[in-house]
Amino acid sequence: MTRPLILINFKLYKESVGSKGLELARKIAKVKRSKYEIAIAPSLLTTKEIVDKVNISVFAQHCSKVDLGAHTGKISVIELKKIGVKGTILNHSERKIPMKFLKVIIESCHKQKLQTVVCASTLGEIKKVAKFKPTYIAYEPKRLIGTNISVTNSKPKIIVKAVELVHKLSKNTRVLCGAGIHTQEDIGQALLLGTTGVLIGHAVPKAKDPKKFLEKLLS
Ligand code: G3P
4 MTRPLILINF KLYKESVGSK GLELARKIAK VKRSKYEIAI APSLLTTKEI VDKVNISVFA
64 QHCSKVDLGA HTGKISVIEL KKIGVKGTIL NHSERKIPMK FLKVIIESCH KQKLQTVVCA
124 STLGEIKKVA KFKPTYIAYE PKRLIGTNIS VTNSKPKIIV KAVELVHKLS KNTRVLCGAG
184 IHTQEDIGQA LLLGTTGVLI GHAVPKAKDP KKFLEKLLS
């Protein structure tokens with residue numbers, strides 16, 4: 004059976020870039036919870052170093068629609084595969100991707116056996132991205148991102164609808180939810196509502212003691 008995924012997005016917080024990102028990854032890697040798969044999405048500039056030095060599943064925060072060639076400032080699926088990430092977040096509300104590109108990127112990732120975590124802010128967007136059959140769809144209402152109002156408290160009915168919708172359109176795609184997740188109850192509730200895990204942003208990198216905080220979150 005698939006274990007729930009707890010994916011921690013480091014974003015570009017001052018607490019999670021550069022050497023602090025590596026330190027944070029090491030702290031998170033010490034949290035042992037066999038019931039969950041704990042993974043991180045570090046800043047893109049620290050991703051390779053963290054994959055090389057820390058024993059934890061790593062996702063990229065984004066990937067572009069490019070093959071190797073004359074492109075500047077892009078991230079290719081091929082390079083991501085080479086550095087050893089498990090997959091990539093795509094279409095985060097802070098890094099949207101046009102639908103026609105998203106389809107191609109998802110296909111290229113799956114060809115390279117990289118998992119895809121595709122974000123969607125509404126049921127309408129879920130409908131569109133489910134057709135591309137990603138590994139995961141993460142429902143994240145934009146308005147709640149970065150707050151301490153959790154999606155599980157604020158939008159439980161939509162989470163249930165999102166799970167139903169995804170299962171109808173793409174039966175192998177698993178559903179995550181995210182935005183404001185910061186308590187043990189939020190995670191329990193997310194699983195009760197039918198998701199296979201959560202996407203967490205600020206709560207872990209900004210915690211006073213991220214290791215203790217995560218241990219408590221997952222106890
Ligand atoms: O990618 C995770 C995300 O956008 C949720 O962020 O800070 O609300 O947990 P946050």
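Note that our numbering has the sequence shown beginning at 4, numbered continuously upward.
Quick reminder that beta carbons are idealized off the backbone N, C-alpha and C, glycines included.
For R177, no alpha helix (DSSP H) encloses it; the enclosing beta strand (DSSP E) starts and ends at 177-181. For A123, the uninterrupted beta strand (DSSP E) run begins and ends at 118-123, by DSSP.
Counting along the chain, the unbroken beta strand (DSSP E) around I140 starts and ends at 139-142. As summarised for the stretch 34-90, the continuous beta strand (DSSP E) elements at least 3 residues long and confined to that stretch are 40-44, 60-63, given in chain order. Boundaries of the beta strand (DSSP E) around N12: 8-12.
The three-state secondary structure of V207, taken from DSSP, is coil. Per the DSSP secondary-structure output, L195 pairs with nothing in a beta bridge.
When DSSP states are grouped into helix, strand and coil, H170 belongs to the helix group. In the structure shown, the three-state DSSP call for H113 is helix. Comparing alpha-carbon positions, the option among K136, F135, T138, L196 lying closest to V154 turns out to be L196. Under the DSSP definition of a beta bridge, L93 partners with V121.
Between I9 and Y39, the gap from beta carbon to beta carbon is short of 7 Å. Under the three-state reduction of DSSP, G127 is assigned to helix.
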